[in-house]
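Report on the following structure.
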Amino acid sequence: MVTRPERPRPGGLVRADLRRHRASFAGVAVAILVATVLVTGLGVLVESGIRGGLAPQRYAGADVVVTGQQKVPVPEDLAISLTERAPAPDPASIAAVPGVTRVIADVTVPLVDGRNGAVVEAHPWSAARLTPFTLADGRAPDGDDEVVVTAGKAAVGDDLPLAHGGVRSSYRVVGVASAPAGVERASHVFLTSSRIAELDPHDGAAQTLGVFTDRSPEDVAARIRDRHPDLTVLTGAARGDAEFLDSGSSRATLVAIGSAFAGTCLLVALFIVSGTLSLSVQSRRRDFALLRAVGALPRQIHALVAQEVLVVAAVAALLGVGPGYLLAGVLRRAFVAGDVIPADFALAYSPVPALAALVVVLLTAWGAARIAARRPANLDPVDALREGATGPATVSTARIIGGVVVLAAGLALSLVPLWLDGEAAAAASASAALVLIIGAAVLGPWLVAVAVRAAGELLGRTSPSAFLATANGQANSRRLAGAVTPIALGITLGLVQLGAPAIIADEAASQATAGVTADLRVVAPAGLSAPALASVADLPAVSALSPVTVSQTVLDYRTFDGTDDRSEQVLQGIDPSTSTGLLDLQVREGTLDDLDGAASVALSTDAARTLRIGLGDEVTGRFGDGAPLRARVVAIYERGLGFGGVTMEEAAVRPHTTSGLATFALVSGDDPGAARTAIARLGLPVTDGSGEAAGADAQRQQGWVNLVALLVILGYIAIAVANTLAMATSERSRELALLQLVGAGRRQVRSMMRLESVLVASIAALLGIALALPPLVGISIGISGRPLPALPLTGSAVVVAAMSALALVSLAVATRAAMRTQPITEIGSRQ
C-alpha cells in the first residue's frame, strides 16, 4: 500500500521559520515592542484626559459642586475650556431642588501678601464650610478690616498687609483656621462677605456653589442637571475641575497631545516596522523563491508572513505593555516640567490603553506584513528563483512615478503660503513634511542608488575599500535604503518640530517688541485695579497711561466646506482713547478709534482669514467667561501673534474676566527714569515697555510639547535604526567572510563598512535636510513673510549630528559582531 506524504502544516512551517531565523525576527520584535510602549503610554495620557485630573481640596466637604458652563462645545472636536470663571446661578434656584439641604456660595478674590509678594485667595468666611475649615484659634471675622488666616501664615493679633489690584490695605488677624484634609495648592484667607463684595469687581456674585444633600449626591446632581442643563454639575473627584480651572483645560490638553502624538507615532511605527519586516523578508528571499518554485500560491506566502509576524508581534506587544505605563509617568513629569499640566495632576490608569495598544499594534504589524510580503508573493516562480540568488531587481517604474507624484504633492503643500498668509497656511506647510517623508520612503531605494552612484564616481577609484563600499551600495540599494529612510525621517521631523514653534515665537516676539512704543510697563501679580491705575496716571512724571486686559474669546465661523466650527483666540482689551503713541497694532483697515463697548471688535489679519470675514461684518461667539459676544468688525490689524487675534475696548473685556482687573498698563513719560522711580515708590512692579507676546505661555507650552514628542520619536527611531543596521549587517556575515577568504584583510573590510556607514549618514542627512527645507520655508513665509526661517541652530545641528552619528556607531558595532566568527566557519554555515 502506497501512502501519500504528509502535507506540511502551516503552523509547523511558521515554527520552523521562527527557529531558523531567530535574529531576523528578533529585530522585528524589538520594533514592535517599542511601538507598543509608545502607544500604551500615549493611551494612558488620552484616558487621563478623560478621567484624570485634580482631586478637590477646598470643596472636599461639599457633596455636589455647581458652576456655570466652563466649556464651549465644538462640532466634531474637543470642547474648548474657558479660562475665566463662568458666573454661578442664583443659589435659591439650586436650593429648591429636592434633596438639597444647604447651598453655600463661594467667591474668590486674588490678593497679594505685602510681606512676600505671594498671591493669596480671599473668600467669604461663610465659604469656609465647604472644606470644611474650622477655627483652631481666635474667632470669625466681623469687621471689614479683619481676616482669618490658615495655620502657619500668621498669629492672632498680627497685622497683615494685603493688596488688591495694586492697592494695599492692612488687616488684623482675628482667627487661625485649619482643615482636616491638606489644602496645599494655594494660600487662603477669609474676610467678611461685605468686604469680599466691596473688593470683588463683580460685587461678590457667586462663582461656585457648594451643595449639601440628604441623599445620594449622584441622584441630586442628576436632578440639578435636569432642571439646569446649561450648568456644570460635579460630584466625586470631578469636583476638582470646579476648584481648579486648569484641571479641565489640562485634561483637554492631554487628549489633544495624546491623540496627535499617537498619530505621528503610528505613522513612524508603520515606517519602521515595515522597513524591519522588509529586511527580514529579504534575508529569506531564497526560502520564498523555493516556495514559489514548488507551487506556493501568493495568498499562501501572504498567510505565512502574516502568521509569523503576528506570532512575534503578539509576544513583543505583551512585553511592551508594562513599560508603556512607565512611559506615561515619564511623559507626565516632562509635561509638568514645561508647565503644560499642573504638578498635582493625577493620571488615570486602567487596562483600556493596554488593550487598545495591542489591537492597534497588531493591526499595524499585520498591515506591515502585507506590504513586506507583497513582492515575494507576487513574483513569478522563475523570477523568484533568480531574485533569490541575485537579490531584488531595480525599482519599478510605477513605484518611481508614484513616489515622484507624492513628493510633488508635498512640495505643493509647502508652497501654499505663497498664495495664503497666516497660521492656516503655515499649518499646511507643516503637514507637507509628512507627505514628503512618505514620498521619500517610496523612492528610497532609487534615491539611495542615485546617491551612491554619484558617490562612486567621486570615491570609487580612491581605494579598494571605497570601490567595494560604493559597489555594494549600488547593488543593495534596498538594504541601504532601509537604514537611510528612518534616519532621514528623524532628521526631517526633528527640524520641523523644532523649527515651526521657533519661527512662530520669533515672529510673535518681534511683533510684541515693535508694537509697543511705550517707555514702561506696570504689572502686578494679580492685576491692576482702577484706583491703582489712577494713582499711576496722577504722577507728575507720567505723561500717558493706557490699561490692557488680556483674556480669551471663542468665535463662531463656517469652514470652506460649509460646516460650523469655533476658533479660540487671545482677546486683548485696550483703551483707544489713551493707547495712541503707546501701542501700534499696525492697522491695515478701519481704525481702532471706532472700538466702542462690546458691540465692536478689531481682528488680526490671520483671525479674519480664519473666520472668513472682513471689515463691517459681524462676529459671534463667547467671552472667556462664557457670556455671548456679538460685535461688528471695525478694524483689521497685522500684529496678531504679538497682541492676540481679537481686540476690543478694555472696559468691555474686563467685566468678563475672573479678577475684573487690568492685566498691565503701558506708561510713557518725558523722563522714563523718573517715571520708573515714582511708580516703584507706589509699590507697583515696573519694567521696560516691551514685554512678552500675548499667548506667549501657550507658545512656550506648545514648543515644550513638540520637544518632548521629538525626543520620544527620535528615541524610537534611534532604536529602530540600530536594530535595522544590526539586522542588515548580520545578513551580510557570509559576504564579509567571503571577502576575507579571497584576500581582503580585516582592516580593509572594516574600512569598507566605515565608508558605507559614512555614505548612509551623509545621504540620510542630506535627504532629511532637503525634505525639511520646503515646509520650513513655507512656514516662515506664512508666519513672517520671510523665506529664511528663524531656526534654533544649536538644536537643529544636534538633531542632524546625533542621527548621523547613530549610523556610524551602529554599523561599527554591528560589523564587529558580524566578523566575530572565523571566515572559514561562517562561509560554511547554513543559509
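Okay, so the sequence shown: first residue is 20 according to this note's numbering, each after it adds one. The beta carbon of each residue, even a glycine, is placed where N, CA and C say it ideally should be. Since the structure is predicted, the reported quantities are computational estimates derived from the model, not experimental observations.
Query                                                                                                                                                                          : Result
Compare the C-alpha of R585 against each of V93, V324, A543 and name the closest.                                                                                              : V93
According to DSSP, is T572 part of a helix, a strand, or is it coil?                                                                                                           : strand
In three-state DSSP terms, what is S554?                                                                                                                                       : helix
Within 10 angstroms of its Cβ, does D583 collect 16 or more other Cβ (buried), or is it exposed?                                                                               : exposed
Which of the three DSSP states, helix, strand or coil, is assigned to T855?                                                                                                    : With the chain covering only 20 through 850, there is no way to say anything about residue 855.
L812 and I522: beta carbons closer than 9 Å?                                                                                                                                   : no
So A98 packs on A271, CB below 8 Å; how close in whole Å?                                                                                                                      : 7 Å
Assign N2 to one of two classes, buried (16 or more other C-beta atoms within 10 Å of its C-beta) or exposed (fewer than that).                                                : Absent from the model: residue 2. The displayed extent of the chain is 20 to 850, so no value can be given.
Between A81, A713, P361, T416, which has its C-alpha nearest A524's C-alpha?                                                                                                   : A713
Count the other CB atoms within 10 Å of the CB of G136; is the residue buried (16 or more) or exposed (fewer)?                                                                 : exposed
So, with DSSP's three-state summary, where would you put S269?                                                                                                                 : helix
Is it the case that the Cβ atoms of G223 and V122 are separated by a distance below 9 Å?                                                                                       : no
Label D557 either buried or exposed according to how many other C-beta atoms from any shown protein chain fall within 10 Å of its C-beta, with 16 as the threshold for buried. : exposed
Are there 16 or more other CB atoms within 10 angstroms of the CB of E103, so buried, or fewer, so exposed?                                                                    : buried
Give a yes or no on whether the C-beta atoms belonging to T59 and L338 are separated by under 9 Å.                                                                             : no
Out of V47, G259, P236, K172, which has the shortest C-alpha to C-alpha gap to G11?                                                                                            : Look at the range of the chain in this structure, 20 to 850, and you will see that residue 11 is not part of it.
Put H675 into one of helix, strand or coil per three-state DSSP.                                                                                                               : helix
From the DSSP output, in three-state form, read off V589 for me.                                                                                                               : strand
Under 8 Å by Cβ, that's how I've got T532 and S565 pegged, so tell me the actual separation to the nearest angstrom.                                                           : About 17 Å; that fails the 8 Å criterion.
Just how far apart, CA to CA, sit R607 and S189?                                                                                                                               : 49 Å
Quick one: what's got a C-beta closer than 8 Å to A196's C-beta in the same chain, skipping five residues either side?                                                         : A147, F152, T153, L154, A155, V167, V168, T169, A170, F209
For H183, I'd like the list of residues in its chain whose CB is within less than 6 Å of its CB, leaving aside the five on either flank, ordered along the chain.              : L130, L218
Just reading off the beta strand (DSSP E) that P806 is part of, what are its end residues?                                                                                     : It is not in any beta strand (DSSP E) - P806 carries neither H nor E in the DSSP assignment.
Is R649 closer than 9 Å to E637 when the C-beta atoms are compared?                                                                                                            : yes
Who are the Cβ neighbours of V819 in its own chain at under 6 Å, not counting the five residues just before and after it?                                                      : I510, A784
For L857, which residues of its own chain have a beta-carbon under 6 Å away from its beta-carbon, when the five flanking residues on both sides are left out?                  : Within the shown structure, residues of the chain are numbered from 20 to 850, placing residue 857 beyond reach of any answer.
Give the secondary structure of T578 by DSSP, where H, G and I count as helix, E and B as strand, and everything else as coil.                                                 : coil
So, helix, strand or coil for D132, using DSSP?                                                                                                                                : strand
Counting along the chain, where does the alpha helix (DSSP H) carrying T232 start and finish?                                                                                  : Not the alpha helix (DSSP H): T232 falls in the beta strand (DSSP E), residues 227-232.
As a quick exercise: from P559, V665, I698, pick the residue whose alpha carbon is nearest that of L539.                                                                       : I698
DSSP three-state call for A408: helix, strand or coil?                                                                                                                         : Any reading at A408 must be qualified, since the residue scores a pLDDT of 48, below 50, and its modelled position is unreliable; no value is offered.
Would you say the segment 107-121 touches the segment 645-662, given that touching needs at least three Cβ pairs under 8 Å?                                                    : no
Give the straight-line distance between the Cα atoms of R839 and A288, rounded to the nearest whole angstrom.                                                                  : 31 Å
Give the DSSP-derived three-state secondary structure of I632 in the structure shown.                                                                                          : coil
By the 10 Å Cβ neighbour count, where 16 or more other Cβ atoms means buried, how is A408 classified, buried or exposed?                                                       : Any reading at A408 needs caution, since the residue's pLDDT is 48, under 50, leaving its predicted position unreliable; the model's value is listed next. Label assigned to A408: exposed.
Give the DSSP-derived three-state secondary structure of Y735 in the structure shown.                                                                                          : helix
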